[in-house]
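In terms of numbering that gives the first Met the number 0, the sequence shown opens at residue 0 and continues consecutively. Written below as structure tokens is the structure these notes are about.
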Amino acid sequence: MTKHPICNTISDSAINTAAINLHDILTLAIEHSPTQRAIVVWDAQCDLAIALTAAYRRCLPDATFIEFMSDTPETVLAAFKQLAPGDLVVLIQSTSFRLDAFRIRVELFKHAIKVIEHPHLARMAGAEALLYFEALAYDRDYYRGVGNALKTHIDNAKMAIINSGGEQLVFASAFEPAKLNVGDYSEMDNVGGQFPIGEVFTEAKDLEAVNGRVRISFFGDTSFTVNKPAHPITLVIKKGRVVNTLDATPEFDQVLANIRADEGEVWLRELGLGMNRAFTQNRTVSDIGTFERMCGVHLSLGAKHAIYNKPNIKKKTAKHHVDVFVMTESVILDNTVIYCDGAWRVNSY
């Protein structure tokens, strides 16, 4: 194993904070035991990946550490074959690891291996790396308590209103059963996924029952980077589709053009309730897959949302799922305000 020095841009104190948060993830969410084996596959292609690896060394001193760029794919696969159900694999990726046809997380899940993924770390540097470490904090009572309370409200709601900058987006429909990403895998087939976590998501049962306007402050651009326009963009939604925009930027116009080129129209599908309090309208990171957990509301544009099937949308032709983040003042389910002043206002069940 090739040794690499700790990067100079991330302090030892910050790495220690990451280690504390990772310890909680490992013990409280993943429920990894010292008697179980662990493999950490990492790379040294960015400072955040190096620092995160150092944090895992403090949490998992007996784990096997494999540097992805230095060892052969055969070495990595051979190590995986030595694992038993309930063991753990951690993937620390500056971009995203590829092992030919071996889809790492999918294949490991087939063998009941627990997986923690940290992809696209090279997109986050400097102060963003410190925010990333903060976002790894696992408050079990908050995530599970508030997360399940949000699910209960969603699953029983008949309609919703999102207020954003004087505009209203109305969901005149009940919702699909909400899904949780809160670090509780007791009712799931697999243990683990992409971290940081913190989200409850759903979509309208009747997509065409969504109408109104909504103002967005961020969107995922064509490079999967969080794009913040100088001014919020207003989306005009009619029968569940984006039919017009106000104050759009060329970058956002390109996103919509790409969707229309492939799908003909721009559906609004996911209603995501982000719970990670490390990320806000003012505390952001560049990677869209990480920032998706931001405490607030995000929506998806494009027909792709594989979790829920809709009879009028064919999976084979649904190619786009672009996250956009709402400048949210409040969220109302039926007659109950569940979000305002930047926080979820529900009681834990």
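Just so it is clear, CB atoms sit at the ideal spot from N, CA and C, and this is done for glycine as well.
Assigned with DSSP and collapsed to three states, E269 falls in strand.
When DSSP reads this structure, A342 sits in a beta bridge with C339. Cβ-Cβ distances below 6 Å link P118 to Q92 and S95 in the same chain, with the five nearest sequence neighbours on each side left out; the list follows chain order. One thing to note: T244 has its Cβ within 9 Å of the Cβ of I232. Here the alpha carbon of I306 sits roughly 25 Å from the alpha carbon of F251. Cβ neighbours of T63 within its own chain (closer than 8 Å, five residues either side excluded): R36, A37, I38, V39 and A78. Within a 10 Å sphere around the beta-carbon of K109 sit fewer than 16 other beta-carbons, which makes this residue exposed.
The alpha helix (DSSP H) runs of length 4 or more contained entirely in the stretch 13-71 are, from start to end of the chain, 46-58.
Spanning the alpha carbons of T283 and E127 requires a straight line of approximately 7 Å. In this structure, F194 lies away from A177, with their beta-carbon atoms at least 9 Å apart. Of all alpha-carbon atoms in I331, A342, T8 and G219, the one lying nearest the alpha-carbon of A171 is that of I331. Annotation: the continuous alpha helix (DSSP H) that includes T289 extends over I287 to F290. Contact between I112 and D86 holds, since their C-beta atoms are separated by about 6 Å, short of 8 Å. Residue environment: V242 is assigned as exposed (fewer than 16 neighbouring CB atoms within 10 Å of its CB, all protein chains considered).
Using a Cβ-Cβ distance cut-off of 8 Å, the stretch 210-226 and the stretch 161-171 are in contact, since at least three pairs of beta carbons, one from each stretch, lie closer than that value. In summary, E186 is exposed, with fewer than 16 beta-carbon neighbours lying within 10 Å of its beta-carbon over all protein chains present. Under DSSP, G191 forms a beta bridge with V114.
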